[in-house]
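> So that we are looking at the same thing, I have put the structure below in structure tokens.
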Amino acid sequence: MKKLLKSLDEFNIFTLGDVNRLKTPEEFFNVLKEGFIKSKEAYIATMYFGEDEQSNELLQMIENRNDEGKRTIIICDKARGMTEHIKLMIKKHKLFDNFYFKKSSSSLFPSKVSELLSVFHSKIILFDDKAIVTGANVNGSYFNVRLDRYFYTLNTELVNLIIGTVFVPIIQKSKDIGGFNIVSGNVGCVHNSFYASKKGIESQDVFANTLTTILQEQNNPTNVIDMLDYKEISTDPKIIVYDEKSEYSVIEALVDRGFNEIVISTAYLNFPYEYIKLLRKANVKIVVNDPETNIFTEYGNHGSLVTDIYKYSTLRTALNLPKSQIYEFRREGYTMHAKGIWAFTDTVAATMIGSSNMNRRSLNRDTELNFLLVSSREEHVKLFREEVADLLKRSTLRDVKDLQSRDYSLLVILIFILFNSFI
């Protein structure tokens, strides 16, 4: 474990205390409601905010929080999240100071095209000193039928780091455009913040002063500069914060540091070539959705086409990683969105949880926020193994012959080849 942490010591590493896991979408929604009721400070990053009844209930709760003088900040992707419905709800509930929309560099294009090119994909939920790390969006499907992962822990320093890296730069650089807070540029990223490295931090004072002001408003005495000093690495459980720019390094560390059991789950399988090359060295179990029960309904009339594209990607992955085992997850009435990595040795367990799908667009196009939890404590190892067991017990092992026996249209194959960097 110490060897792994040493190889990752340029990342943002915090001691991990108690970790709790939510197991169902319903639990996730209830924890959100509880957080809105009880917390004084709430910060949420989500690609989009839902337009369903449950999401509207949360919007009403945000209005109530404003009336009570509680702080609530929501960041969404502009192309995906700034819908006509959300704009109407912001006006109805007077939430102009609560919502911020992150615009990608491709936002000169129509929203659907812009979404294809790049999105703000980060997810995190903060209630006071509680951090809920997840890959779920704040949307009705994720409260009912979209199965995701949700861990929460109490850690003030971790919460402050996320506020400082994701929320402060976006709040600081946003502009009022037509009554809505919109920000563009490479902000809200872990790698582009003063926390990104313990050396060569040029903008440290600017961001430190901004963050200090916000924390003082919250009556939080945290010394921001102290958070930049890395203490000697111990073998206590750790949580490591990183984004898409560092994802390969994290996976490489797991593969090269003796983790002999690795499981990867993703709803959108399309590994970059460098990942495939790396994973050829390991024995990996890969969990994806069963295409017969999973249709990507969020893509409207194109849902079945998108499903077929990822079905073909599963075959290509199996051919490129002959040592791997491919499992297809199937649970009637649900779709699987529980992306992540689990890695085990005889004594240590690690899991990556966050927004990334570990595919080409996650690596090269979207803004992601991820967390690596590393622990040798028995209760944590058990918790991570329970997650894997829950996935595999509802999954079927598929070999290459199974996957080759399926029908793949020429259109699907052409789209996969021509638009691979967007998948």
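In the UniProt record's numbering, the protein residues as written are 1 to 423. Every residue, glycine too, gets a C-beta built ideally from N, C-alpha and C.
#1: Would A267 pass as a contact of H337 if the rule is Cβ separation under 8 Å?
#2: Let's see if you can read the secondary structure: which residues bound the beta strand (DSSP E) around T15?
#3: Need the endpoints of the beta strand (DSSP E) that E41 sits in, please.
#4: Whole-angstrom Cβ separation of Y275 and I251, contact assumed at under 8 Å?
#5: Please confirm whether L161 and N12 have their CB atoms less than 8 Å apart.
#6: Please report the distance separating the alpha-carbon of K40 from that of R71.
#7: When the Cα atoms are used, what is the spatial distance from D243 to R65?
#8: In angstroms, rounded to a whole number, what distance separates the CA positions of N320 and K92?
#9: Among K311, E27, S355, Y248, whose alpha-carbon lies nearest the alpha-carbon of V145?
#10: Between I75 and A42, which are expected to be in contact by the criterion C-beta below 8 Å, what is the C-beta distance as a whole number of angstroms?
#11: Closest to L147 by C-alpha separation, out of I124, F49, A136, R398, would be which residue?
#12: Would you call the CB atoms of V288 and E328 closer than 8 Å?
#13: Contact defined as beta carbons within less than 8 Å: I believe C189 pairs with T347. What is the distance between those atoms, to the nearest angstrom?
#14: In three-state terms, what does DSSP make of V348?
#15: Leaving out five residues before and five after N20 in sequence, what residues of the same chain have Cβ atoms less than 8 Å from its Cβ?
#16: Start and end of the beta strand (DSSP E) containing D176?
#17: Using a Cβ-Cβ cutoff of less than 6 Å, which residues in the same chain neighbour F36 once the five nearest sequence positions on both sides are dropped?
#18: Got a sec, what are the start and stop residues for the beta strand (DSSP E) D77 sits in?
#19: For I341, which residues in the same chain have their Cβ closer than 6 Å to its Cβ, ignoring the five residues on either side in sequence?
#20: Determine, using beta carbons only, whether K78 and F101 come nearer to each other than 8 Å.
#21: Going straight from the alpha carbon of K311 to that of L279, what length do you get?
#22: L372 and S355: beta carbons closer than 8 Å?
#23: Pull up the distance between the alpha-carbon of K38 and that of Q172, whole angstroms please.
#24: Once you ignore the five residues that flank F99 on each side, which residues in its own chain have a CB closer than 6 Å to its CB?
#25: To the nearest angstrom, how far is the alpha carbon of L305 from that of Y408?
#26: Near D52, which residues of its chain fall below 6 Å by C-beta distance, leaving aside the five closest residues on each side in sequence?
#27: Only counting the same chain, and skipping five residues up and downstream in sequence, which positions put a Cβ closer than 8 Å to that of L397?
#28: Shorter than 8 Å from the beta carbon of I73 to some beta carbon of chain C?
#29: Go through its chain and collect everything with a Cβ distance to S405's Cβ below 6 Å, but skip five positions before and after it.
#30: Would you decide whether K281 is buried or exposed? Buried here means 16 or more other CB atoms lie within 10 Å of its CB.
#31: Measuring only the C-alpha atoms, how far is residue 432 from E292?
#32: Just to confirm, is the Cβ distance from V166 to F49 under 8 Å?
#33: For T134, report the span of its beta strand (DSSP E) as first-last.
#34: Compare the Cα-Cα distances from V187 to each of D97, D67, S104, F127 and report the closest residue.
#35: DSSP three-state label for S304, please.
#36: Please work out which residues of its chain come closer than 7 Å, Cβ to Cβ, to G258, disregarding the five sequence neighbours upstream and downstream, and give them in chain order.
Concretely, from the data shown:
#1: If you number the sequence shown from 1, residue 267 lands on position 267. If you number the sequence shown from 1, residue 337 lands on position 337. Yes, Cβ-Cβ distance for A267 and H337 is below 8 Å.
#2: Stepping through the sequence shown from its first residue, residue 15 is reached at position 15. First-last of the beta strand (DSSP E) with T15: 12-15.
#3: As a working mapping, residue 41 is identified with position 41 in the sequence shown. 41-45 is the extent of the beta strand (DSSP E) around E41.
#4: Taking the sequence shown and counting its residues from 1, the one referred to as residue 275 is at position 275. Taking the sequence shown and counting its residues from 1, the one referred to as residue 251 is at position 251. About 7 Å separates the two Cβ atoms, so the contact holds.
#5: Start at 1 with the first residue of the sequence shown, and residue 161 comes out as number 161. Start at 1 with the first residue of the sequence shown, and residue 12 comes out as number 12. A contact, by the Cβ cut-off of 8 Å.
#6: Locating residue 40 in the sequence shown gives position 40, counting from the first residue. Locating residue 71 in the sequence shown gives position 71, counting from the first residue. For K40 and R71, the distance between alpha carbons rounds to 6 Å.
#7: Here residue 243 corresponds to residue number 243 of the sequence shown, with the count starting at 1. Here residue 65 corresponds to residue number 65 of the sequence shown, with the count starting at 1. Going by the C-alpha atoms only, they are around 31 Å apart.
#8: In the sequence shown, counting from the first residue as 1, residue 320 sits at position 320. In the sequence shown, counting from the first residue as 1, residue 92 sits at position 92. Taking the straight line from one Cα to the other gives about 52 Å.
#9: As a working note, residue 145 is residue 145 in the sequence shown. With distances taken between Cα atoms, V145 lies closest to E27.
#10: On the sequence shown, residue 75 is found 75 positions in, with the first residue counted as 1. On the sequence shown, residue 42 is found 42 positions in, with the first residue counted as 1. Wrong, their Cβ atoms sit about 12 Å apart, outside the cutoff.
#11: Here residue 147 refers to the residue found at position 147 of the sequence shown. Ranking the options by Cα distance to L147, first place goes to A136.
#12: Position 288 of the sequence shown, counted from the first residue, corresponds to residue 288. Position 328 of the sequence shown, counted from the first residue, corresponds to residue 328. The answer is yes: Cβ separation under 8 Å.
#13: For the purposes of this step, residue 189 is identified with residue 189 of the sequence shown, where counting begins at 1. For the purposes of this step, residue 347 is identified with residue 347 of the sequence shown, where counting begins at 1. Actually they are not in contact, since the Cβ atoms of C189 and T347 sit about 34 Å apart, beyond 8 Å.
#14: As a first step, residue 348 must be located in the sequence shown, where it is residue number 348. When DSSP states are grouped into helix, strand and coil, V348 belongs to the coil group.
#15: Here the question's residue 20 lines up with position 20 in the sequence shown. So the list reads F151, Y152, T153, once near-sequence residues are dropped.
#16: Taking the sequence shown and counting its residues from 1, one reaches residue 176 at position 176. First-last of the beta strand (DSSP E) with D176: 175-177.
#17: Locating residue 36 in the sequence shown gives position 36, counting from the first residue. Closer than 6 Å at Cβ, skipping near neighbours: M61.
#18: The sequence position of residue 77 within the sequence shown is 77, counting from 1. That run of the beta strand (DSSP E) goes 71-77.
#19: Position 341 of the sequence shown holds residue 341. Hits under 6 Å: I264, M352.
#20: Indexing the sequence shown from 1 puts residue 78 at position 78. Indexing the sequence shown from 1 puts residue 101 at position 101. Going by C-beta atoms, K78 is nearer than 8 Å to F101.
#21: For the purposes of this step, residue 311 is taken as the residue at position 311 of the sequence shown. For the purposes of this step, residue 279 is taken as the residue at position 279 of the sequence shown. Rounded to whole angstroms, K311 to L279 spans 20 Å at the Cα level.
#22: The count along the sequence shown starts at 1 and reaches residue 372 at position 372. The count along the sequence shown starts at 1 and reaches residue 355 at position 355. Judged by beta-carbon spacing, S355 lies beyond the 8 Å limit of L372, meaning their Cβ atoms are not closer than that value.
#23: If you number the sequence shown from 1, residue 38 lands on position 38. If you number the sequence shown from 1, residue 172 lands on position 172. Approximately 27 Å between the Cα atoms of the pair.
#24: Residue 99 sits at position 99 when you count from the first residue of the sequence shown. By the criterion of a C-beta distance shorter than 6 Å, F99 is surrounded in its chain by I74, I90, once the five residues flanking it on both sides are discounted.
#25: Your numbering for residue 305 matches position 305 in the sequence shown. Your numbering for residue 408 matches position 408 in the sequence shown. Put simply, the backbone Cα of L305 is about 11 Å away from that of Y408.
#26: Position 52 of the sequence shown, counted from the start, is the residue given in the question as residue 52. Scanning its chain for C-beta atoms nearer than 6 Å, with the 5 sequence neighbours on each side dropped, one finds around D52 the residues G140, in chain order.
#27: Residue numbering aside, residue 397 sits at position 397 when the sequence shown is read from its first letter. Answer for L397: Q325, I326, Y327, listed in chain order.
#28: Here there is only one protein chain, and chain C is not present.
#29: The residue labelled residue 405 in the question sits at position 405 within the sequence shown. None.
#30: Here residue 281 is taken as the residue at index 281 of the sequence shown, counted from 1. Burial call: exposed.
#31: This structure leaves residue 432 out entirely; the chain is present only between 1 and 423.
#32: Looking up residue 166 in the sequence shown gives position 166. Looking up residue 49 in the sequence shown gives position 49. The answer is no: Cβ separation not under 8 Å.
#33: Within the sequence shown, residue 134 is the residue found at index 134, counting from 1. First-last of the beta strand (DSSP E) with T134: 130-134.
#34: Taking the sequence shown and counting its residues from 1, the one referred to as residue 187 is at position 187. The option with the nearest alpha carbon to V187 is S104.
#35: For the purposes of this step, residue 304 is taken as the residue at position 304 of the sequence shown. It is helical.
#36: The residue given as residue 258 occupies position 258 in the sequence shown. T345, listed in sequence order.
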